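> Would you mind keeping the following structure in view while I ask a few things?
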Amino acid sequence: MSENDGSGIKLVMGFIRPDKLGDVKQALAEAGAPSLTVTNVSGRGSQPAKKGQWRGEEYTVDLHEKVKIECVVADIPAEDVVDAIAEGANTGEKGDGKVFVLPVESARQIRTGKTGPDAV
Amino acid sequence: MSENDGSGIKLVMGFIRPDKLGDVKQALAEAGAPSLTVTNVSGRGSQPAKKGQWRGEEYTVDLHEKVKIECVVADIPAEDVVDAIAEGANTGEKGDGKVFVLPVESARQIRTGKTGPDAV
Amino acid sequence: MSENDGSGIKLVMGFIRPDKLGDVKQALAEAGAPSLTVTNVSGRGSQPAKKGQWRGEEYTVDLHEKVKIECVVADIPAEDVVDAIAEGANTGEKGDGKVFVLPVESARQIRTGKTGPDAV
Ligand SMILES: Nc1ncnc2c1ncn2[C@@H]1O[C@H](COP(=O)(O)OP(=O)(O)OP(=O)(O)O)[C@@H](O)[C@H]1O
Ligand SMILES: Nc1ncnc2c1ncn2[C@@H]1O[C@H](COP(=O)(O)OP(=O)(O)OP(=O)(O)O)[C@@H](O)[C@H]1O
Ligand SMILES: Nc1ncnc2c1ncn2[C@@H]1O[C@H](COP(=O)(O)OP(=O)(O)OP(=O)(O)O)[C@@H](O)[C@H]1O
Ligand SMILES: [Mg+2]
Ligand SMILES: [Mg+2]
Ligand SMILES: [Mg+2]
């Protein structure tokens, strides 16, 4: 067995607008990748910080609320999962987010003890 | 030096029930991997959404509160860490969670400037 | 195209003190890596749990509030990003945190559909 016994298992990690979470969940389910984990995060992309006013004081908004989506997949191509997230999250406006794919070396389902692609 | 100077460093990432966090922390400490990071997340596995009732309205629970555990390890096999998380988190019921292992290329301890396995 | 069409894309993942976030954001912007995602987490490093007293009761603090920083980078060396985070986060005291680098296989910017290093 090679060190990477999880070959073909990928972590698809997306940063999206919070109000697109419903659309992304549906797109993922339709793509055959219903399992996911959601985290509330904040972040910034490549735009410079925005300035605003509150009660006469100027302030800078430099971190925007986003949602992080993590989907570990094995039986369908990671790029299909990227497509699903991008389709569900797209509005065409700046701030729609990004999706990254990372390699996963092994997986375990706790209840069953299954490992490898069957555990995902 | 190869690009991957962290060979042997792994990120063990588990999704567990919030009420098993104490057991998992203890199992990790006993396995010699006391360092960890905890994040409150929500997610769903392979079960279809559950339906419930609230004040006469039907609603769907499709994301369950979970805890994400991240342990970066170098000196002990990642599979021992997976075992510890799985042992601590197991109840035998659906929803117990999953554990994934990802490769890590380098590590730095901020206070000391140490790198590689010594930094983990 | 090789499976890893994102060669050179890295995820730099740091765990820092919450009150050093401002310094770290500035150090990252100066290093040419302004994009980042921030998550509130809690964790412990290699120190044993601290004991305290509250209203006469002894309690154990074993998880400390930290901030997780994630920066995906392609055009600048990941080690420069590690340097920036470490510089911004360093106080010289225990608990300053750690930085890890993980490989990323592909990237997509949702709004533009760009992929690879241009998407980061
Ligand atoms: N390189 C990156 N590393 C880590 N997180 C990122 C990165 N780029 C974007 N993000 C996360 O994604 C969120 C949305 O990014 P955003 O869509 O604004 O990217 P962008 O490159 O500025 O694209 P756009 O021009 O369409 O706004 C950010 O708030 C941040 O949480
Ligand atoms: N493939 C996955 N990708 C990302 N997160 C996942 C994945 N599978 C499970 N999770 C996370 O783990 C949590 C628990 O999953 P769960 O134990 O229900 O998995 P399962 O496959 O349905 O197994 P079981 O049949 O034992 O319930 C989910 O709520 C989610 O946060
Ligand atoms: N091996 C690890 N795996 C996952 N998270 C870690 C690991 N080590 C540290 N962390 C995260 O980083 C935070 C800060 O760690 P900390 O700086 O205390 O590490 P340390 O090894 O104890 O170094 P120091 O001796 O300088 O305190 C922890 O609270 C935890 O969130
Ligand atoms: Mg933007
Ligand atoms: Mg389940
Ligand atoms: Mg410490």
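Chains as they are written, first to last, in my numbering: chain A, 11 to 130; chain B, 11 to 130; chain C, 11 to 130. Note that beta-carbon positions come from the ideal geometry of N, C-alpha and C, so glycine has one too. In this text, all values refer to a predicted model and were calculated from it rather than measured experimentally.
1) Quick one: measure Cβ to Cβ for Val-77(A) and Gly-53(B), integer angstroms, because I've assumed they're closer than 8 Å.
2) Taking the alpha-carbon of Glu-115(A) as reference, which of Val-109(A), Gly-105(A) and Ala-129(A) has the nearest alpha-carbon?
3) With DSSP collapsed to three states, give me the class of Val-34(C).
4) Mind checking whether Asp-106(C) and Ala-99(C) have CB atoms under 9 Å apart?
5) Hey, out of Glu-67(A), Ala-94(A) and Gly-66(A), whose CA is closest to Gly-24(A)'s CA?
6) Let me check one thing: in DSSP terms, what residues is Arg-54(B) bridge-paired to?
7) What residues in its chain sit with their C-beta under 6 Å from that of Asn-37(A), if we drop five residues either side in the sequence?
8) If you drop the 5 nearest sequence neighbours on each side, which residues of the same chain put their C-beta closer than 8 Å to that of Val-34(B)?
9) Just by C-beta distance, which residues in the segment 68-98 of chain A are closer than 7 Å to chain B?
10) With a threshold of 8 Å (Cβ to nearest heavy atom), would Ser-52(A) be considered close to ligand 4?
11) DSSP three-state call for Ala-84(C): helix, strand or coil?
12) Using 8 Å as the cut-off, classify the Cβ of Gln-119(B) as near or not near the heavy atoms of ligand 5, replying yes or no.
13) Please classify Pro-113(A) as buried or exposed, where buried requires at least 16 neighbouring CB atoms within 10 angstroms.
14) Please look up how many angstroms separate the CB atoms of Glu-110(A) and Leu-46(C), rounded, as I've assumed it's under 8 Å.
15) Assign Ile-95(C) to one of three DSSP states: helix, strand, or coil.
16) Is the shortest distance between the beta-carbon of Lys-30(C) and the beta-carbons of chain A less than 9 Å?
17) Applying the 10 Å Cβ sphere with the 16-neighbour rule, what's the burial state of Gln-119(B)?
18) Check the Cβ-Cβ distances between Val-34(B) and every residue of chain C, and say whether any is below 9 Å.
19) May I ask you to check if the CB of Gly-24(C) is nearer than 8 Å to at least one heavy atom of ligand 2?
20) Which residues, in chain order, does the segment 98-118 of chain A contribute to contact with chain C at a C-beta distance below 9 Å?
From the atom records:
1) Here the question's residue 77(A) lines up with position 67 in the first sequence. Here the question's residue 53(B) lines up with position 43 in the second sequence. Contact flag wrong, Cβ pair sits at about 12 Å.
2) In the first sequence, counting from the first residue as 1, residue 115(A) sits at position 105. The shortest Cα separation from Glu-115(A) among Val-109(A), Gly-105(A) and Ala-129(A) belongs to Ala-129(A).
3) The residue given as residue 34(C) occupies position 24 in the third sequence. For Val-34(C), the secondary structure class from DSSP, reduced to helix, strand or coil, is helix.
4) For the purposes of this step, residue 106(C) is taken as residue 96 along the third sequence, with counting starting at 1. For the purposes of this step, residue 99(C) is taken as residue 89 along the third sequence, with counting starting at 1. Yes, they are a contact pair.
5) The residue given as residue 24(A) occupies position 14 in the first sequence. Nearest of Glu-67(A), Ala-94(A) and Gly-66(A) to Gly-24(A), Cα basis: Ala-94(A).
6) In the second sequence, counting from the first residue as 1, residue 54(B) sits at position 44. Partner residues in the beta bridge of Arg-54(B), as assigned by DSSP, are Leu-46(A).
7) Sequence index remark: in the first sequence, residue 37(A) carries index 27 (1-based). The sequence given here has Ala at residue 37(A), not Asn. The beta carbon of Ala-37(A) sits closer than 6 Å to those of Ala-94, Glu-97 and Gly-98, all from its chain and outside the five residues before and after it, given in chain order.
8) Translated into positions along the second sequence, residue 34(B) becomes position 24. Here the set comprises Gly-24, Ile-26, Ile-79, Ala-94, Ile-95, Gly-98 and Ala-99.
9) Result list: Val-82.
10) Along the first sequence, one-based indexing puts residue 52(A) at 42. Result no, Cβ not under 8 Å from ligand 4.
11) Translated into positions along the third sequence, residue 84(C) becomes position 74. In this structure, Ala-84(C) counts as coil in the three-state DSSP scheme.
12) Reading the second sequence from its first residue, position 109 is the one you call residue 119(B). If you check the C-beta of Gln-119(B) against ligand 5, you find no heavy atom less than 8 Å away.
13) For the purposes of this step, residue 113(A) is taken as residue 103 along the first sequence, with counting starting at 1. Per the 10 Å Cβ criterion, buried.
14) Taking the first sequence and counting its residues from 1, the one referred to as residue 110(A) is at position 100. Taking the third sequence and counting its residues from 1, the one referred to as residue 46(C) is at position 36. Rather than Glu, the amino acid found at residue 110(A) in this sequence is Phe. About 13 Å; that fails the 8 Å criterion.
15) On the third sequence, residue 95(C) is found 85 positions in, with the first residue counted as 1. Reduced to three states, the DSSP call for Ile-95(C) is helix.
16) Locating residue 30(C) in the third sequence gives position 20, where the first residue counts as 1. Not an interface residue.
17) Here residue 119(B) refers to the residue found at position 109 of the second sequence. Taking all protein chains shown into account, Gln-119(B) has 16 or more neighbouring C-beta atoms within 10 Å of its C-beta and is therefore buried.
18) By 1-based counting over the second sequence, the position of residue 34(B) is 24. Interface residue (Cβ-Cβ distance to chain C less than 9 Å): Val-34(B) is not classified as such.
19) Within the third sequence, numbered from 1, the residue matching residue 24(C) stands at position 14. Checking the Cβ of Gly-24(C) against ligand 2 gives no.
20) Residues are counted here when their Cβ sits less than 9 Å from a Cβ of chain C; for the segment 98-118 of chain A these are Ala-99, Asn-100, Thr-101, Gly-102, Glu-103, Lys-104, Gly-105, Asp-106, Gly-107, Lys-108, Val-109, Phe-110, Val-111, Leu-112 and Pro-113, given in chain order.
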